[in-house]
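Numbering-wise (the working numbering), the sequence shown opens with residue 4 and increments by one.
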Amino acid sequence: VIAGTVADCARVFDVIADGACGAPGETERGLAEAGGPMVVHWPQRYFQDDLDESVAKVLDQWRRDMEAAGWRFCDGALPDAAALAHYNGIVLGREAADTHADALARHPERIGEQVRRRLEAGAAIDPAEYRAVLAARAVHRQQFLDAAFEFAAIIATPLLRVATPTGQEAEADHPDRIASVLGEIGHNVRPFSYLGLPALVVPVGRDANGMPVAVQLVGRPGAGGELLRSGLAIERRVRFRKSSQSAASYL
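Written out as structure tokens, the structure reads:
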């Protein structure tokens, strides 16, 4: 879901859920009050390795703003995020290749080189390895939840470790360059995607190129309401929309 504000995210979520998570409008009504002071897990390793200087500056200011609002940040490490990201690549790669196997076999010339490379890499993944990674997901999820949420209500990470790539960078002619950009865009999302945890992305400032810098909030399964209230607290504190267009996204 991509929306202009956290409240808009809640509205869209209500429509998609279609009553599955409560009465119509219940998610949006739950935003009547923004989330209050809380303990936030702010992991450094993996998620903030080689963090761009201009991104770090924005995030440091955001953290100070939220600490002034009563939030408390703990910097402890999470279970091996790099391994979880790797497992996500196995699941996503194999499933994408299986979904598009017919097109890849019949009309490979109709598929762009970068996409074709990724599908071919996914097709090369051993099905037994794919099944093993899927079978282990529940165990990995529980181990992660036990470690990450022992003291914290939510996890927060930078959405990107780098300044937001420009359109020109994302559309570069060289396939390896595109792969690098795409790899960085998904770096901090992949561990949570594999675990199937809810996440909310909220912009909090701009990098050296004037592009948005965002934080990713991650919660326990079923904690969508808590994430939305936390996002609303950020939105009200940072007031990013006063000077620019905002976009919150619920993953």
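The beta carbon of each residue, even a glycine, is placed where N, CA and C say it ideally should be.
Keep in mind the model is a prediction, meaning the values are calculated, not measured.
Per-residue DSSP class, three states only, for residue i
i, result
"Leu95", "helix"
"Pro224", "coil"
"Phe152", "coil"
"Asp127", "Looking at the sequence provided, one finds Ala at residue 127 rather than Asp. Of the three classes helix, strand and coil, the one that applies to Ala127 here is coil, per DSSP."
"Leu81", "coil"
"Phe16", "helix"
"Gln145", "helix"
"Ala166", "coil"
"Val192", "coil"
"Ile114", "coil"
"Tyr49", "coil"
"Arg239", "helix"
"His89", "helix"
"Leu54", "coil"
"Gly199", "coil"
"Ala26", "The predicted position of Ala26 is uncertain, since its pLDDT is 47 and thus under 50; no value can be drawn from it."
Residues that residue i bridges to, as DSSP identifies them
i, result
"Ile158", "His44 and Val221"
"Phe76", "Val43"
"Arg209", "Pro215"
Nearest-angstrom Cα separation, counted from residue j out to residue i
i, j, result
"Ala88", "Ile158", "16 angstroms"
"Gly115", "Val192", "24 angstroms"
"Glu132", "Phe195", "20 angstroms"
"Arg134", "Gly125", "14 angstroms"
"Leu163", "Tyr90", "20 angstroms"
"Arg113", "Leu107", "9 angstroms"
"Ile181", "Glu238", "32 angstroms"
"Ala166", "Asp210", "6 angstroms"
"Gln51", "Val216", "13 angstroms"
"Val118", "Leu137", "24 angstroms"
"Ser183", "Leu54", "16 angstroms"
"Gly92", "Ile128", "10 angstroms"
"Asp71", "Gly234", "Contrary to the premise, residue 71 reads as Ala rather than Asp in this sequence. Their Cα atoms are separated by approximately 16 angstroms."
"Arg240", "Val205", "12 angstroms"
"Glu123", "Arg109", "13 angstroms"
"His103", "Pro130", "16 angstroms"
"Gly186", "Pro40", "34 angstroms"
Residue i, buried or exposed, once every other Cβ within 10 Å from all chains shown has been counted against 16
i, result
"Ile5", "exposed"
"Arg121", "buried"
"Ala151", "buried"
"Ala160", "The sequence given here has Thr at residue 160, not Ala. Buried, because 16 or more other Cβ atoms sit within 10 Å of the Cβ of Thr160."
"Ile19", "exposed"
"Ala84", "buried"
"Asp63", "exposed"
"Asp17", "buried"
"Phe154", "exposed"
"Ala86", "exposed"
"Gln219", "buried"
"Val142", "exposed"
"Gly208", "buried"
"Ala13", "buried"
"Pro111", "exposed"
"Gly222", "buried"
"Ala156", "buried"
"Ala226", "buried"
"Ala139", "exposed"
"Ala236", "buried"
Min CB distance residue i to chain C below 8 angstroms
i, result
"Gly115", "No chain C is part of this structure, which consists of one protein chain only."
**Study point:** Contact between the stretch 98 to 107 and the stretch 70 to 82 (3+ Cβ pairs under 8 angstroms)
**Key:** They do not touch, by the three-pair rule.
Practice item. Evaluate the contact criterion for the stretch 229 to 240 versus the stretch 199 to 217: three or more CB pairs, one atom per stretch, below 8 angstroms. Key: Under the 8 angstroms Cβ criterion, the stretch 229 to 240 counts as touching the stretch 199 to 217, having at least three qualifying pairs.
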